[in-house]
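Enquirer:
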Amino acid sequence: MTPPELDLVRGTLDLLVLKALSWGPMHGLAVVRWIEQTTRDELQVEEGALYPALHRMEEKGWLDADWGYTDQNRKAKFYRVTAKGRKHLAAEHERWARYTSVVGLVLAARKPGTVR
Amino acid sequence: MRRVFRLPGTARRIDDEVEREFAFHLEGRIEDIIAREGLSRDAAEREARRRFGDYHGYRQAARDIDQHMLNRRNRMDLLETIRRETRQAARALLRAPSFSVIAIVTLALGLAATTTVFTLLDRVVIRPLPYPNADRLVHVGTLWPKVGHGDEFGISRGQYFFFRQHSTTLQDLLFYDRDIMIVPGDGSHPAERVDEMDVSANAFAMLGLELARGRYFTTADERNPDGDPRVALISYEYWQRRFGGDPAIIGKRLDYGANPMTIIGVLAPHARILDATADVWIRNHLDPADPPVNNHTHNAIGLLKPGVTVEQAASDIAHIQQLMRAQYPAVYSDYFYDHTGFAMHVSALRDFAIGSSIARALWVLFGGVAVVLLIAAANVANLYLVRIEARRQEAAVRTALGADRAHLAVHYLSESLLLAVISAAAAIGLGYLLLHLVLSIAPQSLPRLEEVHLGWRSVAFCVAVSVGLGVAFGLVPLAARGVDVDTLREGARGLSTSRSRRFIRHGLVLAQIALGVVLLAAGGLMAKSFWRLRHVDMGFNPNGVQTMMIMLPHTAEQPGGPSVATIWQQIIQKVQTIPGVTHAGAGWAIPLNDGGCSGLIVDQPLDPANAGECMPMQAVTPGYFEALGTKVRGALPTWDDVDAGRAPLVVTQAFAKRFWGTENAIGRGVHPYNKRIPAFPVVGIASDIRSEGLQNPPVEEAYFSILGPPGTRNWPVSSAMSLVVRAPTLSQSAVMTGVRRVLADVAPGAPIADAKSMEHIVAESTAGTSFAMLLLLISAAIALSLSAVGIYGVISYIVAHRRREIGIRMALGAQAGSVARLVIGESVGVAITGAAIGVVLAAVAMRLLRSQLFEVSPSDPLVLAATGVALVVIALLSAIAPTRRATRIDPVEAIRAG
């Protein structure tokens, strides 16, 4: 049995993908591998779900897609973050940080009435 | 990473790419799993697929997104292309301003005329009536072929209930009748005559008539006794006019004869049944307990059950009428059926409302303007041919530079489409003005006139037609073969105008002339009809005659006071003393306005079969014929005759001939209605009066005295009559003022309505003909000027093209005269051929006009010949200027330039 996994919070997949691609153009497989390594397999997501997300972000103009060749000379579809995508990533990053810090504050709060 | 290619272009490509992207992913993962966990390839593949999740679902999602993206990009590309091509087309049109302006003006004229008449046709004939379930509404009426031929009459209350009870095809049936009533003055408003509508309670729901406030009638209101409606709805307009929009109107009283009514509601603006509006709406007295009587006076509109056809309803109603006849033999006797030919008639409400002759007339007019449009299109096509000739070089250069046919097609199409769109926009503006003009001259008898305005359907029609033409014009250059590199070699000389292109050009002019003849012939025939109509012997002289309706209030006759007949006598005799008035009289009706008919019994009839027919009849006072200017042989009725109980009767010549076979009928007698009323003696024979429309034969009418012979009962004096006043030197308002003064004295509170000059009534009765004539003549005028422009253009082109040839001829000694003959000869040949074809076409096409014509044959030789000659003359006139240019060609210059 695999240990219980963290569910991917809705909408954060976009954030992860943008972050992954911020290091440079990658194909979908590479994005999955990167997420796997970075999260040490804690974050489990159906890998197929990545592709509608990638295509949707391409449609929104956050990503550019081009067919190219991998190091093993295999043909693959590479995604690259556009300027618009970078702006979105920065904004989302900021929002996410604020959100987690607020949630953190709430969870660390004491029982009401004990505040001096 | 090397780039391979960018966008997936088609749906098929999108599928491929998504498939390949997923395959790449799975393959990579399988390798990962084998390397990391040492599974077999099969197990690794299963594991990879498990981690991937719903393969088909994700594939579909990715595809959908890509398809959406592709569509959007295609749209953007298309917009960009349109923008670029439009810019180029605009530049091309601006480079040839004279071509563009002439083409746009020509097309806009043709389109505007077509759009205007289309709007009329669409609003009046094509569109469903403005009621819910309009396509399921039918008119239920009766035909009495042996009484009133071709007329449709109403149904009875008994039938209303019987049909509702037994019909298997009708879901609902409404019943209505129009009437008039007097609302007495109340200090701030004078007494007035208003239109009244008696309806069954279901009429509002069936016709979607909405309330501004208050409530509708109920079936309980329908049971109120006949003549005592008790409650009334008023129209929005009457509420505003008479009550100033009083918010506390509900519950107010409305005086109506002896029975005041309470206002229970106000209808929404523009409430009407077909073309009938009314100020006061009361319930129709409908009580199923009343025994059926033979009294068919009401209009009925039925709502078909879904899916039922008009024919099914007609046979259903006919069948039910047979049941009713069997059940009430006393009401529907065999004698009655034999003598009237009584039969039920069910027709689609729209057909009933519009009438086939109006629909036909509008279609004919539409055909007329379609011809104008065709002529305009032929002109523009000709301009295009000339322009291609000029642009062969350009096209050849483009071809040589690698433009393929598709590119050229887009280029030409965008140019002609831009032209078409500009023309359409101009045409819509022009059509708007034209429609106002047309509506201002349209006869009031045209149904649904208030619905006519230029809406989106007209705009769509105009744009669709112009775009169709634009595409056709854009394809002209492609159809013209020989646009290739050879043209380049031909050089600027371009001497070889191909025979086929010249043939097309001549053909277009020929067609224009032929179509022009058809239109002008139609206009000419209508004009001749109109002239005939206005010069027919009407049997009265409308000049200087004023008419108006006067209604005596119910309070006019007081016990012990003068009788109604005496009041009329006083009114008429006092009106006669107004300075400037030469004669005055009154009658139930005036010529060309609807009169009534009734069964009459004449003594010594020529043919007893004539008895029982519904004959036009009315009662008139002395002075009626003098005021109308109708000649009467024998004696004119006088007030002395009336006072002495001599009951003078005047019949028309046609009446006398029909019943006694002789015009010498003085001394004969006629019973109005039936033999219970004594016979009135004929004292005079009126010359024939065209009372039922100038285009109809003289009326066979009897004019009774307002008082019967001694001992007469059931011959009441009407409290509403039309006053006829002959006052050649007075204006209408002067006559009205005089009459009002008389009424204030003799019959206070009597309202005047429908004041019209007799000349106006005559003009109104011929308005249909004059309207059709005007529209056809306007169309013909536009068509002729377009044809003239077309002929001028083509002859000019021919002269310009044959400049060199003409120059050589002149250098060789040809005189100006022979050059002129050469050019004129060419145009005359085309003109005569075109006119000849046009005359033949017109002779055939004019049969469509037959029902609109009066005493003119559709193939009237004079009109057709004159039209043909007119077109040839116009062709010659348009050829004059180019011919003069040809004779002034300087041979040296022409040859050198060539």
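Here the protein sequences line up with chains X and F, keeping their order.
Note that the first sequence covers residues 10 to 125 in this note's numbering.
Note that the second sequence covers residues 3 to 900 in this note's numbering.
C-beta atoms are modelled at their ideal positions from N, C-alpha and C, and glycine is treated no differently.
Just the C-alpha distance for F/Glu452 and F/Pro445, rounded to the nearest angstrom, thanks.
Expert: Your numbering for residue 452 of chain F matches position 450 in the second sequence. Your numbering for residue 445 of chain F matches position 443 in the second sequence. Going by the C-alpha atoms only, they are around 12 Å apart.
Enquirer: Counting C-beta neighbours from all protein chains within 10 Å, is the total for F/Ala398 16 or more, i.e. buried, or is it exposed?
Expert: Your numbering for residue 398 of chain F matches position 396 in the second sequence. Buried, by the Cβ-count rule.
Enquirer: In chain order, which beta strand (DSSP E) runs of at least 3 residues are fully inside the region 279-359 of chain F?
Expert: Listed in chain order, the complete beta strand (DSSP E) runs (minimum 3 residues) inside the region 279-359 of chain F are 282-285, 301-306, 345-350.
Enquirer: Starting from the C-beta of F/Val310, find all residues in its chain whose C-beta is less than 6 Å away, skip the five residues before and the five after it, and write them out in chain order.
Expert: To locate residue 310 of chain F, count along the second sequence from 1; it is residue 308. Same-chain partners within the cutoff: Thr171.
Enquirer: Does chain X have any CB closer than 7 Å to the CB of F/Gly30?
Expert: Here residue 30 of chain F refers to the residue found at position 28 of the second sequence. Yes, its Cβ sits closer than 7 Å to a Cβ of chain X.
Enquirer: Pull out every residue of the region 81-99 of chain X whose Cβ sits closer than 8 Å to any Cβ of chain F, in chain order.
Expert: Cβ contacts with chain F: Arg83, Lys84, Ala85, Lys86, Phe87.
Enquirer: Going along chain F, which residues have a C-beta under 7 Å from X/Ala58?
Expert: Counted from its first residue, the first sequence places residue 58 of chain X at position 49. Here the neighbours are Gly55, Tyr60.
Enquirer: Below 7 Å between beta carbons: does that hold for F/Leu456 and F/Leu437?
Expert: Here residue 456 of chain F refers to the residue found at position 454 of the second sequence. Here residue 437 of chain F refers to the residue found at position 435 of the second sequence. Yes.
Enquirer: Name the DSSP bridge partner or partners of F/Glu198?
Expert: For this step, residue 198 of chain F is matched to residue 196 along the second sequence. F/Glu198 pairs with F/Asp181, F/Val282.
Enquirer: Closest by CA to F/Glu23, which one among F/Leu41, F/Ala46, F/Ala64, F/Ala45?
Expert: Translated into positions along the second sequence, residue 23 of chain F becomes position 21. Residue F/Ala64 is the option with its Cα nearest to F/Glu23.
Enquirer: Identify which residue in F/Glu828, F/Leu554, F/Gly636 has its Cα closest to the Cα of F/Asp904.
Expert: Absent from the model: residue 904 of chain F. The displayed extent of chain F is 3 to 900, so no value can be given.
Enquirer: Just reading off the beta strand (DSSP E) that F/Ile106 is part of, what are its end residues?
Expert: Within the second sequence, the letter at position 104 stands for residue 106 of chain F. Where F/Ile106 is concerned, there is no enclosing beta strand (DSSP E), although the alpha helix (DSSP H) it sits in stretches over 99-123.
Enquirer: Using a C-beta to C-beta distance shorter than 8 Å, which residues of chain B count as neighbours of X/Pro61?
Expert: Given the protein chain composition of this structure (X and F), no chain B is represented.
Enquirer: Quick test of your reading: F/Arg692 and F/Gly631, contact by CB under 8 Å. State the CB separation rounded to the nearest angstrom.
Expert: Against the second sequence, residue 692 of chain F aligns to sequence position 690. Against the second sequence, residue 631 of chain F aligns to sequence position 629. The Cβ separation is near 13 Å, so there is no contact.
Enquirer: Whole angstroms are fine: how far does the CA of F/Leu788 sit from the CA of F/Ala378?
Expert: Translated into the one-based positions of the second sequence, residue 378 of chain F becomes position 376. Translated into the one-based positions of the second sequence, residue 788 of chain F becomes position 786. Those two C-alpha atoms are separated by around 6 Å.
Enquirer: Alpha carbon to alpha carbon, how far is X/Glu68 from F/Arg507? Give it in angstroms, no decimals.
Expert: Your numbering for residue 507 of chain F matches position 505 in the second sequence. Your numbering for residue 68 of chain X matches position 59 in the first sequence. Approximately 54 Å between the Cα atoms of the pair.
Enquirer: Under a Cβ-count criterion, where at least 16 other Cβ atoms within 10 Å of its own Cβ denotes burial, should F/Ala37 be classed as buried or exposed?
Expert: Looking up residue 37 of chain F in the second sequence gives position 35. By the 10 Å Cβ count, F/Ala37 comes out exposed.
Enquirer: Contact defined as beta carbons within less than 8 Å: I believe F/Ala380 pairs with F/Gly792. What is the distance between those atoms, to the nearest angstrom?
Expert: What you label residue 380 of chain F is simply residue 378 of the second sequence in a count that begins at 1. What you label residue 792 of chain F is simply residue 790 of the second sequence in a count that begins at 1. About 7 Å; that satisfies the 8 Å criterion.
Enquirer: Does the Cβ-Cβ distance between F/Ser724 and F/Gly589 come in under 7 Å?
Expert: The count along the second sequence starts at 1 and reaches residue 724 of chain F at position 722. The count along the second sequence starts at 1 and reaches residue 589 of chain F at position 587. Yes, Cβ-Cβ distance for F/Ser724 and F/Gly589 is below 7 Å.
Enquirer: Nearest-angstrom Cα distance between F/Thr640 and F/Thr714?
Expert: Against the second sequence, residue 640 of chain F aligns to sequence position 638. Against the second sequence, residue 714 of chain F aligns to sequence position 712. Approximately 19 Å, taken between the alpha carbons.
Enquirer: Could you compute how far the alpha carbon of F/Pro449 sits from the alpha carbon of F/Leu122?
Expert: The residue you call residue 449 of chain F lines up with position 447 of the second sequence. The residue you call residue 122 of chain F lines up with position 120 of the second sequence. Each residue's Cα considered, the two are about 11 Å apart.
Enquirer: Can you name, in chain order, every residue of its own chain whose Cβ lies under 7 Å from the Cβ of F/Asp756, other than the five neighbours on each side?
Expert: On the second sequence, position 754 is the one that residue 756 of chain F refers to. Taken in chain order, the residues that qualify are Met550, Met551.
Enquirer: Pick from F/Ala361, F/Ile687, F/Leu855, F/Gly476: whose alpha carbon is nearest that of F/Gly541?
Expert: Numbered from 1 along the second sequence, position 539 holds the residue referred to as residue 541 of chain F. The shortest Cα separation from F/Gly541 among F/Ala361, F/Ile687, F/Leu855, F/Gly476 belongs to F/Ile687.
Enquirer: Which residues in chain F have a C-beta closer than 9 Å to the C-beta of X/Glu68? List them in chain order.
Expert: Taking the first sequence and counting its residues from 1, the one referred to as residue 68 of chain X is at position 59. The contacting residues are Ile67, Asp68, His70, Met71, Arg74.
Enquirer: Could you tell me whether any Cβ in chain F is nearer than 7 Å to the Cβ of X/Glu55?
Expert: As a first step, residue 55 of chain X must be located in the first sequence, where it is residue number 46. It does: the Cβ of X/Glu55 has a partner Cβ on chain F nearer than 7 Å.
Enquirer: Distance, Cα to Cα, F/Leu385 vs F/Phe101?
Expert: In the second sequence, counting from the first residue as 1, residue 385 of chain F sits at position 383. In the second sequence, counting from the first residue as 1, residue 101 of chain F sits at position 99. Near 7 Å, if we compare the C-alpha coordinates of F/Phe101 and F/Leu385.
Enquirer: Is the beta carbon of F/Val127 closer than 7 Å to that of F/Leu364?
Expert: For the purposes of this step, residue 364 of chain F is taken as residue 362 along the second sequence, with counting starting at 1. For the purposes of this step, residue 127 of chain F is taken as residue 125 along the second sequence, with counting starting at 1. Cβ atoms of F/Leu364 and F/Val127: closer than 7 Å.
Enquirer: Using the C-alpha atoms, what's the distance from F/Arg394 back to F/Glu492?
Expert: Here the question's residue 492 of chain F lines up with position 490 in the second sequence. Here the question's residue 394 of chain F lines up with position 392 in the second sequence. At F/Glu492, the pLDDT of 44 sits below 50, so the modelled position is not reliable; the number obtained from the coordinates is stated separately. Roughly 10 Å between the two C-alpha positions.
Enquirer: Are the C-beta atoms of X/Gly37 and some chain F residue less than 7 Å apart?
Expert: One-based indexing of the first sequence puts residue 37 of chain X at position 28. Chain F contact via Cβ: present.
Enquirer: Taking only beta-carbon positions, decide if X/Arg65 is within less than 7 Å of chain F.
Expert: Residue mapping note: residue 65 of chain X aligns to position 56 of the first sequence, counting from 1. Answer yes: the Cβ-Cβ gap between X/Arg65 and chain F drops below 7 Å somewhere.
Enquirer: Give the DSSP-derived three-state secondary structure of X/Tyr88 in the structure shown.
Expert: Translated into positions along the first sequence, residue 88 of chain X becomes position 79. It is a strand residue.
Enquirer: Using three-state DSSP, classify X/His36 as helix, strand or coil.
Expert: Position 27 of the first sequence, counting from 1, holds the residue named residue 36 of chain X. Strand at X/His36.
Enquirer: Between the region 86-99 of chain F and chain X, which residues of the former have CB atoms less than 9 Å from a CB of the latter, in chain order?
Expert: Within the region 86-99 of chain F, no residue qualifies.
Enquirer: Would you call the CB atoms of F/Thr885 and F/Val825 closer than 7 Å?
Expert: Your numbering for residue 885 of chain F matches position 883 in the second sequence. Your numbering for residue 825 of chain F matches position 823 in the second sequence. Cβ atoms of F/Thr885 and F/Val825: closer than 7 Å.
Enquirer: Using 7 Å as the limit for Cβ to Cβ distance, is F/Glu82 near chain X?
Expert: By 1-based counting over the second sequence, the position of residue 82 of chain F is 80. Judged by the 7 Å Cβ criterion, F/Glu82 is not in contact with chain X.
Enquirer: Interface residues of chain X around F/Glu47 at Cβ under 8 Å?
Expert: Looking up residue 47 of chain F in the second sequence gives position 45. Simply none; closest approach about 14 Å.
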